[in-house]
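Visitor:
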Amino acid sequence: MKCLLHGGAANVADETLRTLKQEAAERSARSLPSGLNALDLVEQAVAAMELEPYLNAGYGSVIQLDGRIRMDAGICTSTGKYGAVVQIEHVANPIRVARKLMDAGYHSILSGDGATAFARECGFESRSPFTKERLEEYYAVRADIPKLSYAELSRDVTATNNKKLSTVGAVAVDDNGFLAAACSTGGTKYCYPGRVGDTPIFGAGVYCSEHVAVACTGEGDKVLRRLTSRKVEDFYLESGDLQIAVERALADLQERENGIGGLIAVSAKGEAAHAHTTGFMSFTSV
Ligand code: GLY
C-alpha cells in the first residue's frame, strides 16, 4: 500500500502559514487507520484534511465574493467509478458526499442545491465551514473589490493569478494494483459566485485509470483547459516513468497556459511521484 497526500500548492510567502499547512497534512496522514483499502484511504485522508482550518477544503474553505462558501470534491477508482459534488454548501466533508454519489452509481456529478439536498438525504448534517481567518480574508478581498461584477473581476487576469490557488488531495495504490484518487477544495480567492475549478472534474483535477491515480492542485481554470491529471497518464505511457510524467504535465501547464500547480501520483506498479511549480506544496506520504 502506498498513499500520498497534499494540502495544496501555492506561493505562500508566510513561513508560519507554510508550517501550519504542512503540519495539517502530516496530522491528517497520521490519523489514518491501518488496514484500509486504497479507496477508503483516499476518502479518509481527504476527509481529515477537510477538517483542518488552514487547508482550503471543507472547514476553512475560501469564501466566494458573495460571502458564501461553495465547495467542490471528486473521487475515482481504477475500476471506473467516479463521483463528484460541485458548489455544495454547509457540509463538513464534501468528499464523503462525493463518495456516496459514486457508490450509488447513478449520476456522476451533482451541483449546488441538488448536491446539498443529496447530502441531507444521505444523513449529512448541516455544518458551517466558515473560520475567523477566512472571514477576515474575505473582508480584505471585498475592500479590494467593493462592487462585485464579473467584468471588474476579470479585467486583469494575470494580476489575480497569484492570489488564487489551493486544494487538498490524496492518491493510493493497494498491493494488488487497485488505485484511487480524491480531491476537495473551497475554490479560489477572488472567486465569482458559482465558479467551478478543476478539482472535482475527472481528468482535470482528479483522475484514475488502470495505470495511474492522480490529484492536481493549482490554477484550476488553467488546469481545466489542459486536463493536467489526464496528461500524467499520457506522459507516463510514453515515458514509462511516473516522475517524468508529472513533471511534463506541469511543464505543459506552464508552457501552454502560463499556469502553476502541483501534482501527486501513484501507478498500479507501486511507483509514486510528486512535483510542484508553485513556491510551496504541503505534501506527505503514508
Ligand atoms: N485548484 C483549485 C481550484 O482552482 O478550484
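Residue numbers for the sequence shown follow our numbering, beginning at 1 and rising by one. Glycine included, every Cβ here is placed at the ideal spot set by N, Cα and C.
1) With a Cβ-Cβ cutoff of 7 Å, do Y192 and L135 count as a contact?
2) Put G220 into one of helix, strand or coil per three-state DSSP.
3) With 16 as the cutoff for other CB atoms within 10 Å, does T158 come out buried or exposed?
4) Can you check which of these residues, L179, G187, I260, A272, is closest to T77 by C-alpha distance?
5) Alpha carbon to alpha carbon, how far is K269 from V171? Give it in angstroms, no decimals.
6) Does the beta-carbon of K147 have 16 or more other beta-carbons within 10 angstroms, so that it is buried, or is it exposed?
7) Rank R127, A57, G114, D234 by C-alpha distance to the C-alpha of A9 and give the top, closest one.
8) With three or more beta-carbon pairs closer than 8 Å as the criterion, would you say the region 110 to 125 touches the region 78 to 91?
9) Do you know whose CA, among T284, R226, I244, L32, lies nearest I260's CA?
10) If you draw a straight line from the alpha carbon of T199 to that of T188, how long is it in whole angstroms?
11) Could you tell me which residues DSSP puts in a beta bridge with L41?
12) Report the rounded CA-to-CA distance for F288 versus R256, giving the unit in angstroms.
13) State the Cα-Cα distance for the pair H211 and E233, rounded to the nearest angstrom.
14) Could you name the residues of the same chain whose beta carbon sits closer than 7 Å to that of F118, not counting the 5 residues immediately before and after it, in chain order?
15) Which parts of the region 141 to 200 are runs of the beta strand (DSSP E), unbroken and 3 residues or longer, counting only runs that do not cross its ends?
16) Could you tell me whether any non-hydrogen atom of the ligand GLY is closer than 6 Å to the CB of R198?
17) Considering just the uninterrupted stretch of the alpha helix (DSSP H) at I63, what are its terminal residues?
18) Using the C-alpha atoms, what's the distance from V246 back to A204?
19) Rounded to the nearest angstrom, what separates N37 and G74 at their Cα positions?
20) Between I264 and the rest of its own chain, which residues show a CB-CB distance below 6 Å, the 5 nearest in sequence each way excluded?
21) Of all the options A24, Q254, R120, which has the alpha carbon lying nearest to the alpha carbon of L55?
22) Name the DSSP beta bridge partners of C76, please?
23) From L224 to F202, what distance separates their C-alpha atoms?
24) What residue range is occupied by the uninterrupted beta strand (DSSP E) comprising K2?
25) Quick one: give me the first and last residue of the beta strand (DSSP E) that A251 is part of.
26) Decide if D174 is buried, meaning its Cβ has at least 16 other Cβ atoms within 10 Å, or exposed.
27) Out of curiosity, what's the CA-to-CA distance linking E50 and Q243?
28) Do G262 and T228 have their C-beta atoms closer together than 7 Å?
29) Hey, would you say the C-beta of T188 is under 6 Å away from at least one heavy atom of the ligand GLY?
Guide: Judging by the given coordinates:
1) no
2) helix
3) exposed
4) L179
5) 14 Å
6) exposed
7) A57
8) yes
9) R226
10) 11 Å
11) Paired residue(s): none; L41 is not in a bridge.
12) Nothing can be reported for residue 288: it is not among the residues displayed for the chain, which extend from 1 to 286.
13) 7 Å
14) V97, L101, L110
15) 168 to 173, 179 to 185
16) Looking at the sequence shown, residue 198 is not Arg but Asp. Yes, the ligand GLY has a heavy atom inside 6 Å of this Cβ.
17) From DSSP, I63 is part of no alpha helix (DSSP H); its letter is neither H nor E.
18) 13 Å
19) 18 Å
20) L4, H6, V171, A215, H274
21) A24
22) Y82, A181
23) 10 Å
24) 2 to 10
25) It is not in any beta strand (DSSP E) - A251 instead sits in the alpha helix (DSSP H) that spans 242 to 257.
26) buried
27) 27 Å
28) no
29) yes
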